[in-house]
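Asker: Numbering (UniProt numbering), first residue to last: 1 to 649.
Yeah, the Cβ is synthetic: ideal placement off N, Cα and C, and Gly gets one too.
Note that this is a predicted model, so its numbers are computed, not measured.
One structure follows; several queries about it will come next.
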Amino acid sequence: MTTETLYPVPAEWAARAKIDSAGYTRRTELAATDPDMFWRDEAQRLDWIAPFTRVKNTSFNESDFGIKWFEDGTLNVSANCIDRHAARNPAAIAILWEGDDPAESRAISYGELLEEVCRFANVLKGQGIAKGDRVTIYLPMIPEAAVAMLACARIGAIHSVVFGGFSPDSLASRIEDCDSKLVITADEGCRGGKRVTLKGNVDAALRHVHCAGVTSVIVVRRTGGAIAMQPDRDIWYHDAIAEAAVDCPPEPMNAEDPLFILYTSGSTGKPKGVLHTSGGYLLWAAMTHDYIFDYRPGEVFWCAADIGWVTGHTYIVYGALANGATTLMFEGIPNYPDFSRFWDIVDKHQVNIFYAAPTALRALMREGDTPVTRTSRASLRLLGSVGEPINPDAWEWYHRVVGERRCPIVDTWWQTETGGAMISPLPGATALKPGSASTPLFGVLPEIVDADGVVLDGAASGNLVIADSWPGQMRTIWNDHARFFQTYFTTYPGKYFTGDGCRRDPDGYYWITGRVDDVINVSGHRMGTAEVESALVAHGKVAEAAVVGMPHDIKGQGIYAFVTLNAHEVGDAALRAELVRWVRTEIGPIATPDAIQFAPALPKTRSGKIMRRILRKIAEGDFSSFGDTSTLADPGVVDVLVAGRADAV
Ligand code: WTA
1 MTTETLYPVP AEWAARAKID SAGYTRRTEL AATDPDMFWR DEAQRLDWIA
51 PFTRVKNTSF NESDFGIKWF EDGTLNVSAN CIDRHAARNP AAIAILWEGD
101 DPAESRAISY GELLEEVCRF ANVLKGQGIA KGDRVTIYLP MIPEAAVAML
151 ACARIGAIHS VVFGGFSPDS LASRIEDCDS KLVITADEGC RGGKRVTLKG
201 NVDAALRHVH CAGVTSVIVV RRTGGAIAMQ PDRDIWYHDA IAEAAVDCPP
251 EPMNAEDPLF ILYTSGSTGK PKGVLHTSGG YLLWAAMTHD YIFDYRPGEV
301 FWCAADIGWV TGHTYIVYGA LANGATTLMF EGIPNYPDFS RFWDIVDKHQ
351 VNIFYAAPTA LRALMREGDT PVTRTSRASL RLLGSVGEPI NPDAWEWYHR
401 VVGERRCPIV DTWWQTETGG AMISPLPGAT ALKPGSASTP LFGVLPEIVD
451 ADGVVLDGAA SGNLVIADSW PGQMRTIWND HARFFQTYFT TYPGKYFTGD
501 GCRRDPDGYY WITGRVDDVI NVSGHRMGTA EVESALVAHG KVAEAAVVGM
551 PHDIKGQGIY AFVTLNAHEV GDAALRAELV RWVRTEIGPI ATPDAIQFAP
601 ALPKTRSGKI MRRILRKIAE GDFSSFGDTS TLADPGVVDV LVAGRADAV
């Protein structure tokens with residue numbers, strides 16, 4: 001199994017961290033024995049306009065299902081993230097932006113951020129956006145992305161950030177689902193020295209009849225590349241902001257008023273609009289950022305995620321800014337101009353805390369140590385990992401080469417649904433085991449259950465559930481509260497089901513083993529196999545498709561598609577390439593299949609259900625243990641698929 005080397009808390013960390021191991025025990029006990037007091041105390045880290053009287057009002061049971069925290073308090077998220085820091089120290093740097101081109105960077109102070117957010121909030125108001133309206137943000141990694149999110153939060157509009165790598169179709173379905181009135185985009189993005197079409201994709205998305213509700217598009221000029229502006233709809237960001245007033249009082253929001261929607265893939269159907277609210281989410285973001293990264297004023301915090309994913313929301317923007325941190329935002333990619341880029345940025349901006357996904361680390365590790373060791377990295381004191389299980393090899397490399405054995409690694413397990421980290425070491429309190437996300441944060445009650453929902457004690461393997469609510473929990477699926485309950489609270493009634501498998505070792509450390517549903521984790525990005533399947537069957541030559549994950553050295557998991565063609569179609573290399581292109585266009589490059597196997601038929605039970613278990617084994621190249629195949633309508637299919645695998649990979 002996994003190595004279980006134990007790295008004790010370094011002495012200087014035990015001495016200086018906000019939470020040492022005694023503190024961890026104390027806070028954990030308080031959260032368990034007097035949650036009301038614990039959360040009242042934690043909630044003081046936010047500025048409330050009207051204080052709350054009631055802390056928690058939650059139930060995971062069908063009869064009285066509902067999740068509310070601090071329900072009678074009011075606050076404004078942007079005021080918490082900007083105004084209170086700008087008032088104290090307007091010159092402190094809020095956002096350090098590093099461009100794709102190493103010659104380009106910007107530093108934006110809290111004072112400047114306040115002015116820009118207020119101006120842009122007024123621009124949004126001028127476009128008729130009011131509290132509760134939805135605004136779609138489809139931007140590259142530029143400061144305007146954070147400005148746009150915070151401007152929405154300031155006036156109570158609900159933002160829905162769509163990752164810039166999604167196709168026009170994916171963008172259109174997300175605009176349509178939440179009925180956005182306005183889209184914020186840029187002419188183009190810059191990544192790895194290449195330009196990425198954005199405004200063109202918005203134009204294409206808005207040609208869908210269902211996006212008729214969008215009345216304006218605000219365009220940031222990033223590259224100056226040629227785009228078509230539609231005069232009755234499209235507005236330049238820089239023009240609008242120059243004319244806008246600098247004063248925009250923050251809208252008082254109820255703690256349970258929505259802050260944002262973020263679409264994420266599930267095991268079935270179209271992506272779900274995960275909804276987070278203002279009070280509980282911000283508290284969770286701020287608290288976890290503070291404890292896990294042990295952030296100190298003046299330090300530079302760098303979360304190398306994209307703002308299009310929850311990690312970017314919670315740790316580049318909300319958690320970091322709520323704590324008055326300097327947050328670094330990087331537009332580019334780890335290997336441009338070369339494989340030292342991350343570490344050059346660390347040196348250039350004197351980054352103290354670095355947080356990234358294992359997939360990036362594995363890709364860098366493959367290039368050897370020199371691109372790392374030729375840089376100094378002396379400013380680094382803490383490293384983090386997120387998004388997928390980190391294999392002990394990559395962990396050791398990160399620790400030894402990047403952090404020179406000096407920096408603890410916080411491996412944070414969480415999900416779009418959880419709002420922020422749930423299981424993670426605290427650097428001053430937790431001895432580290434490479435590959436384990438270690439132990440739950442205060443107030444988080446993980447349990448391991450078997451297939452029947454029986455709670456397993458002590459060392460055990462099974463499915464990971466959370467037994468009670470925490471403030472950062474998602475509140476609903478946009479427009480589909482029934483689906484919210486159905487998806488997360490019916491598999492194990494009375495508990496939140498994470499969709500992850502997990503092992504707990506005798507020391508109480510949690511080891512996430514990956515998804516147990518039909519979601520795969522490609523380079524730390526969640527992808528529903530059903531989405532890729534529906535893209536494939538939308539192709540005229542495809543009759544049927546089944547998609548599973550396959551092990552992938554760099555990506556963690558790759559996408560393996562079994563495709564049955566319509567009669568008389570020929571599955572050759574050209575068609576394979578065409579289908580790969582097709583899926584990229586339908587969903588976006590993150591859904592690029594790694595292997596396509598043309599299959600004359602799929603293994604189905606007599607009732608017509610595809611036996612994915614068998615397909616997963618074939619994709620893995622493990623032909624030894626298919627288990628019981630006697631229920632297959634045609635067991636011979638399996639041999640044909642085994643024989644055909646060689647052509648696919
Ligand atoms: C996986 C990303 C192991 C897990 C924040 C989860 C992890 C899914 C870890 C959520 C980790 C995330 N160790 N697995 N440290 N962090 N995962 O919604 O399978 O994009 O359910 O949120 O990523 O992905 P999401």
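If the criterion is Cβ atoms closer than 8 Å, does the pair residue 183 and residue 147 meet it?
Answerer: no
Asker: So, helix, strand or coil for residue 149, using DSSP?
Answerer: Helix.
Asker: Taking only the alpha-carbon atoms, compute the straight-line gap between residue 311 and residue 416 and give it to the nearest angstrom.
Answerer: 8 Å
Asker: Are the CB atoms of residue 137 and residue 327 nearer to each other than 8 Å?
Answerer: The answer is no: Cβ separation not under 8 Å.
Asker: Are the Cβ atoms of residue 361 and residue 325 separated by less than 8 Å?
Answerer: no
Asker: Keeping to the same chain, check which residues put their C-beta closer than 6 Å to that of residue 305; ignore five residues upstream and five downstream.
Answerer: Within the same chain, residue 305 has close Cβ partners 311 and 312.
Asker: At which residues does the beta strand (DSSP E) containing residue 597 begin and terminate?
Answerer: 595–598
Asker: Specify the secondary structure class of residue 238 as computed by DSSP and reduced to three states.
Answerer: helix
Asker: For the beta strand (DSSP E) containing residue 466, name the first residue and the last one.
Answerer: 460–466
Asker: Answer yes or no: do residue 93 and residue 107 have a C-beta to C-beta separation smaller than 8 Å?
Answerer: yes
Asker: Within the continuous beta strand (DSSP E) that includes residue 159, where are the two ends?
Answerer: Residue 159: member of the beta strand (DSSP E) spanning 158–161, first to last residue.
Asker: Identify whether residue 21 lies in helix, strand or coil by the three-state DSSP scheme.
Answerer: helix
Asker: Using the Cβ count rule (16 or more neighbours within 10 Å means buried), how would you classify residue 9?
Answerer: Around the beta carbon of residue 9, a 10 Å sphere encloses 16 or more other beta carbons of the protein chains shown; the residue is thus reported as buried.
Asker: I'd like to confirm something about residue 413: is its beta-carbon nearer than 7 Å to some heavy atom of ligand 1, or not?
Answerer: yes
Asker: Going by the C-beta, is residue 264 closer than 7 Å to any heavy atom of ligand 1?
Answerer: yes
Asker: Compute the beta-carbon to beta-carbon distance between residue 288 and residue 319, rounded to the nearest angstrom, for a pair I have assumed lies under 8 Å.
Answerer: 6 Å
Asker: State the DSSP-derived secondary structure class of residue 646, mapped to helix, strand or coil.
Answerer: Three-state result, residue 646: helix.
Asker: Quick test of your reading: residue 343 and residue 377, contact by CB under 8 Å. State the CB separation rounded to the nearest angstrom.
Answerer: The C-beta separation of residue 343 from residue 377 comes to about 6 Å, placing the pair in contact by the 8 Å criterion.
Asker: Specify the secondary structure class of residue 448 as computed by DSSP and reduced to three states.
Answerer: The answer is strand: DSSP assigns residue 448 an E or B state.
Asker: Examine ligand 1 and report whether any of its heavy atoms sits within less than 7 Å of the Cβ of residue 388.
Answerer: Yes - ligand 1 has a heavy atom lying nearer than 7 Å to the Cβ of residue 388.
Asker: Could you check whether the stretch 72–82 touches the stretch 242–252, counting it as contact only if at least three pairs of C-beta atoms, one from each stretch, sit closer than 8 Å?
Answerer: The stretch 242–252 and the stretch 72–82 touch, with three or more beta-carbon pairs separated by less than 8 Å.
Asker: With a Cβ-Cβ cutoff of 8 Å, do residue 160 and residue 260 count as a contact?
Answerer: yes
Asker: Report the three-state DSSP secondary structure of residue 557 (helix, strand or coil).
Answerer: strand
Asker: Just reading off the beta strand (DSSP E) that residue 303 is part of, what are its end residues?
Answerer: 300–303
Asker: Counting beta carbon pairs with one atom in the stretch 426–438 and one in the stretch 9–26, are three or more of them shorter than 8 Å?
Answerer: Yes, the stretch 9–26 touches the stretch 426–438.
Asker: When we look at the beta-carbon of residue 33 and count the other beta-carbons within 10 Å, is it buried (16 or more) or exposed?
Answerer: exposed
Asker: Leaving out five residues before and five after residue 345 in sequence, what residues of the same chain have Cβ atoms less than 6 Å from its Cβ?
Answerer: 98
Asker: Does DSSP put residue 201 in a helix, in a strand, or in coil?
Answerer: helix
Asker: Exposed or buried, which one is residue 323 when buried takes at least 16 other CB atoms within 10 Å?
Answerer: buried
Asker: Which of helix, strand or coil does DSSP assign to residue 539?
Answerer: Correct three-state label for residue 539: coil.
Asker: Do you know offhand how far residue 486's Cα is from residue 277's?
Answerer: 20 Å
Asker: Can you find at least 3 beta carbon pairs, one from the stretch 164–171 and one from the stretch 579–593, that sit closer than 8 Å?
Answerer: yes
Asker: May I ask whether a heavy atom of ligand 1 can be found less than 7 Å away from the beta carbon of residue 309?
Answerer: yes
Asker: Can you grab the Cα-Cα spacing for the pair residue 30 / residue 38, in whole Å?
Answerer: 6 Å
Asker: Counting C-beta neighbours from all protein chains within 10 Å, is the total for residue 199 16 or more, i.e. buried, or is it exposed?
Answerer: buried
Asker: Based on DSSP bridge pairs, tell me the residues matched to residue 398.
Answerer: According to DSSP, residue 398 bridges with nothing at all.
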